[in-house]
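Enquirer: Note that UniProt numbering gives residue 114 to position 114 of the sequence shown, counting from 1, and the numbers run on in steps of one. In this text, a Cβ means the ideal position worked out from N, Cα and C, and glycines have one as well. Below is the structure I would like to discuss, written out as structure tokens.
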Amino acid sequence: MAGRQSSINPSTREVSSRPQESGQTLLTKMVAAIQNPTTVCDVKAAVEAKQLTTLKSYFHTAVIEIWNLSMSSLVNLCKVCYNTSEVSFNLGGVVCVGCTAFFQRSIKRKKPFICNNDSLACSETAVRDLTAYAACKKCRLDRCYREGMRSARVVSQQQQASVDEAPIGSLEITLQPQQRPFPLLSKMVEALQHANHCISINGRVGPIYGTSETGPHYLYLSVAHYALGARNSFFKMVIDRAPVVGDLPFNLQQQIFGSVMWIYHAIYSTHSNMHFNTNPSRFFRTPNIYYDYDIEKGMAALFTGNRSTLCRSQLDLKTLSREVILHYTYLQHTVQPLALTVLRSEEDMAALLLVSIIVFCQHDSLLGPHLVGLKSLWAELDAYYRATHREPYAWGNLMFMLSAVTAASHQMISFLEMAQLYFKDQLIQRFQNN
1 MAGRQSSINP STREVSSRPQ ESGQTLLTKM VAAIQNPTTV CDVKAAVEAK QLTTLKSYFH
61 TAVIEIWNLS MSSLVNLCKV CYNTSEVSFN LGGVVCVGCT AFFQRSIKRK KPFICNNDSL
121 ACSETAVRDL TAYAACKKCR LDRCYREGMR SARVVSQQQQ ASVDEAPIGS LEITLQPQQR
181 PFPLLSKMVE ALQHANHCIS INGRVGPIYG TSETGPHYLY LSVAHYALGA RNSFFKMVID
241 RAPVVGDLPF NLQQQIFGSV MWIYHAIYST HSNMHFNTNP SRFFRTPNIY YDYDIEKGMA
301 ALFTGNRSTL CRSQLDLKTL SREVILHYTY LQHTVQPLAL TVLRSEEDMA ALLLVSIIVF
361 CQHDSLLGPH LVGLKSLWAE LDAYYRATHR EPYAWGNLMF MLSAVTAASH QMISFLEMAQ
421 LYFKDQLIQR FQNN
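This is the structure:
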């Protein structure tokens, strides 16, 4: 017994002499640490006091509860018909194939639906509990709008055929202004679609890499660096075609990219985890790359870098691994619940990216005068939320999410600055130039 005690450092023995805290108290401290980095020391003390088992048990329980409440619906439950089905982005919303077809038929319908005014037929689960025929079609259509679906995306077969058969010369005439009520959002959506067509970062293509995988699918540090570089290329392509920003000289575009790069990384990491993660003990930073909420596994992944550049002890790797886990935990439990309410369509993602540019660049003496054309975005957002049957003030939720994303980006920058002390490498500059 004495031999075992001698292996514990003095700080651990000091903490262990205190009364043992309940798992619920430790969980509260952990949540506080996620929300306020200054309280990380309390969680560190709890972990060093050998209370990991209790802490992990409560932590996993909380994660599973949050997952069941906020994530299962997006992964395999359509929020229009409430049937368990594969969902995806269709006509501006995350819905199933059946509700996509219903929305298309409804938009082409000449007479508007009339509400049944029946508690059963008008309930959100009426399609599942009754039948699609018996459920109120007006209420079902309203739920389609609520999830972000847009009638402007529905193209009749006659219109599609006329576009397909039109000579190339006639396609030089684009949509009239009245057909594009949201010019900034529309152009940003086009920029996102073009970039994703060239460098797909939204779909799961190829093998999955992670800290629990083995062999060639293990998450080596070089794989993580490559994924960051791919995302940076994606972001630069978006900025190159973004409204107003795309018309600026290359050096100004690069400055804007540097201002929002880590904001964009935090947004897309949350977006990937929201759509592809089904394991509460992991975080999917990209559709193909995950990190386990495990300090030892994180240390092993960090150690796959160039070992000759390690300039301190194994404790440094443990500190870095803990910082990464805190960052991803914050994204999953603080940013992601906001993203579930904000990011309902491509236009919502476009708005968030544009707002990021406005907020972080408008006060720059060099960039601000060139971004005046983006100020009309606020009026567009107000009109867009009205057109999609959402409250006009809903864009306030977008600002709340941006605030949380900003805190997450600061966490990542702090981690990289700390890593630069442990690795002989200018990581931040390297990622930005990748």
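For ALA419, count neighbouring C-beta atoms within 10 Å of its own C-beta (all shown protein chains included) and say buried if the count is 16 or more, exposed if not.
Expert: Position 419 of the sequence shown, counting from 1, holds the residue named residue 419. When all chains shown are included, ALA419 counts as buried.
Enquirer: Just to check my reading of the structure: TYR209 and ILE289 have Cβ atoms closer than 8 Å, yes? What is that Cβ distance to the nearest angstrom?
Expert: The residue you call residue 209 lines up with position 209 of the sequence shown. The residue you call residue 289 lines up with position 289 of the sequence shown. With a Cβ gap of about 5 Å, TYR209 and ILE289 count as contacting.
Enquirer: Near TRP262, which residues of its chain fall below 7 Å by C-beta distance, leaving aside the five closest residues on each side in sequence?
Expert: Here residue 262 corresponds to residue number 262 of the sequence shown, with the count starting at 1. If we look at TRP262 and ignore the five residues flanking it on each side, its Cβ neighbours are SER409, MET412, ILE413.
Enquirer: Closest to LYS297 by CA distance: which of ILE325, ALA101, ASN279 is it?
Expert: Translated into the one-based positions of the sequence shown, residue 297 becomes position 297. Ranking ILE325, ALA101, ASN279 by Cα distance to LYS297 puts ILE325 first.
Enquirer: Going by the CB atoms, is the gap between ARG344 and GLY148 shorter than 7 Å?
Expert: The residue you call residue 148 lines up with position 148 of the sequence shown. The residue you call residue 344 lines up with position 344 of the sequence shown. Cβ distance < 7 Å, so GLY148 and ARG344 count as in contact.
Enquirer: Which residue marks the beginning of the alpha helix (DSSP H) containing ARG146, and which one marks its end?
Expert: Locating residue 146 in the sequence shown gives position 146, counting from the first residue. Run containing ARG146: 137-146, per the alpha helix (DSSP H) assignment.
Enquirer: Please confirm whether CYS122 and CYS99 have their CB atoms less than 7 Å apart.
Expert: As a working note, residue 122 is residue 122 in the sequence shown. As a working note, residue 99 is residue 99 in the sequence shown. In this structure, CYS99 does not lie closer than 7 Å to CYS122 by Cβ.
Enquirer: Comparing alpha-carbon positions, which option in PHE257, LEU353, THR278 lies nearest LEU192?
Expert: Residue numbering aside, residue 192 sits at position 192 when the sequence shown is read from its first letter. It is LEU353.
Enquirer: Tell me the rounded alpha-carbon separation between ASN273 and PRO280.
Expert: Here the question's residue 273 lines up with position 273 in the sequence shown. Here the question's residue 280 lines up with position 280 in the sequence shown. Whole-angstrom Cα-Cα distance: 10 Å.
Enquirer: Applying the 10 Å Cβ sphere with the 16-neighbour rule, what's the burial state of THR61?
Expert: Position 61 of the sequence shown, counted from the first residue, corresponds to residue 61. With a pLDDT of 49 at THR61, under the threshold of 50, the predicted position of this residue should be treated as unreliable, though the coordinate-derived value follows. By the neighbour-count rule (16 or more Cβ atoms within 10 Å), THR61 is not buried but exposed.
Enquirer: Here's the rule I'm using: 16 or more other beta-carbon atoms within 10 Å means buried, otherwise exposed. How should SER321 be labelled?
Expert: For the purposes of this step, residue 321 is taken as residue 321 along the sequence shown, with counting starting at 1. With 16 or more Cβ atoms within 10 Å of its Cβ, SER321 is classed as buried.
Enquirer: In three-state DSSP terms, what is PHE366?
Expert: Looking up residue 366 in the sequence shown gives position 366. One detail in the question is off: residue 366 reads as Leu in this sequence, not Phe. Reduced to three states, the DSSP call for LEU366 is coil.
Enquirer: Taking C-alpha atoms, which residue in GLY258, TYR226, THR211, LEU91 lies nearest to ASP364?
Expert: Reading the sequence shown from its first residue, position 364 is the one you call residue 364. For the residues GLY258, TYR226, THR211, LEU91, the minimum Cα distance to ASP364 belongs to GLY258.
Enquirer: For CYS144, count neighbouring C-beta atoms within 10 Å of its own C-beta (all shown protein chains included) and say buried if the count is 16 or more, exposed if not.
Expert: Within the sequence shown, numbered from 1, the residue matching residue 144 stands at position 144. By the 10 Å Cβ count, CYS144 comes out buried.
Enquirer: What is the C-beta distance between LEU381 and ALA404, in whole angstroms, given that I count them as a contact (C-beta under 8 Å)?
Expert: Along the sequence shown, one-based indexing puts residue 381 at 381. Along the sequence shown, one-based indexing puts residue 404 at 404. Going by Cβ atoms, the distance from LEU381 to ALA404 rounds to 18 Å, so no, they are not a contact pair.
Enquirer: Quick one: grab the DSSP three-state call for ASP292.
Expert: Translated into the one-based positions of the sequence shown, residue 292 becomes position 292. Residue state, collapsed to three classes: strand.
Enquirer: Using only the alpha-carbon positions, how far apart do LEU366 and ILE107 sit?
Expert: Here residue 366 refers to the residue found at position 366 when the sequence shown is read from its first residue. Here residue 107 refers to the residue found at position 107 when the sequence shown is read from its first residue. Distance between the alpha carbons of LEU366 and ILE107: 47 Å.
Enquirer: Give the DSSP bridge partners of PHE283, in chain order.
Expert: Numbered from 1 along the sequence shown, position 283 holds the residue referred to as residue 283. Answer is TYR291.
Enquirer: Do VAL342 and MET401 have their CB atoms nearer than 7 Å?
Expert: Here residue 342 refers to the residue found at position 342 of the sequence shown. Here residue 401 refers to the residue found at position 401 of the sequence shown. Yes, the Cβ-Cβ distance between VAL342 and MET401 is below 7 Å.
Enquirer: Considering only DSSP beta bridges, list what TYR209 is partnered with.
Expert: Working through the sequence shown from its first residue, we reach residue 209 at position 209. The partner list for TYR209 (beta bridge, DSSP) reads ILE289.
Enquirer: Starting from the C-beta of PHE415, find all residues in its chain whose C-beta is less than 6 Å away, skip the five residues before and the five after it, and write them out in chain order.
Expert: Translated into positions along the sequence shown, residue 415 becomes position 415. Excluding residues within five positions, the ones whose Cβ falls inside 6 Å are GLU323.
Enquirer: Going by DSSP in three states, GLY215 sits in which element: helix, strand or coil?
Expert: Along the sequence shown, one-based indexing puts residue 215 at 215. The answer is helix: DSSP assigns GLY215 an H, G or I state.
Enquirer: Within a Cβ cutoff of 7 Å, which residues of the same chain sit near HIS271, ignoring the five residues on either side of it in sequence?
Expert: As a position in the sequence shown, residue 271 is number 271, starting the count at 1. Closer than 7 Å at Cβ, skipping near neighbours: ALA339, LEU343.
Enquirer: Classify ASN117 as buried or exposed, calling it buried when 16 or more other Cβ atoms lie within 10 Å of its own Cβ.
Expert: For the purposes of this step, residue 117 is taken as residue 117 along the sequence shown, with counting starting at 1. Using a 10 angstroms sphere on the CB of ASN117, the tally of other CB atoms stays under 16, which defines it as exposed.
Enquirer: If you check the beta carbons only, do LYS79 and PHE113 fall under 7 Å apart?
Expert: The residue you call residue 79 lines up with position 79 of the sequence shown. The residue you call residue 113 lines up with position 113 of the sequence shown. Cβ distance not < 7 Å, so LYS79 and PHE113 don't count as in contact.
Enquirer: Buried or exposed for THR278, please, with buried defined as at least 16 other CB atoms from any protein chain shown within 10 angstroms of its CB.
Expert: Numbered from its first residue, the sequence shown carries residue 278 at position 278. Flag for THR278 reads exposed.
Enquirer: Helix, strand or coil for SER414? Go by DSSP, reduced to three states.
Expert: Position 414 of the sequence shown, counted from the first residue, corresponds to residue 414. In this structure, SER414 counts as helix in the three-state DSSP scheme.
Enquirer: May I have the straight-line CA-CA distance separating THR125 from VAL260, to the nearest angstrom?
Expert: By one-based count along the sequence shown, residue 125 stands at place 125. By one-based count along the sequence shown, residue 260 stands at place 260. Their backbone Cα atoms lie some 41 Å apart in a straight line.
Enquirer: Mapping the DSSP letters down to three states, classify THR84 as helix, strand or coil.
Expert: Position 84 of the sequence shown, counted from the start, is the residue given in the question as residue 84. THR84 falls in the strand class under three-state DSSP.
Enquirer: Quick check on VAL94: does DSSP put it in helix, strand or coil?
Expert: Residue 94 sits at position 94 when you count from the first residue of the sequence shown. Looking at VAL94 - three-state DSSP - the assignment turns out to be strand.
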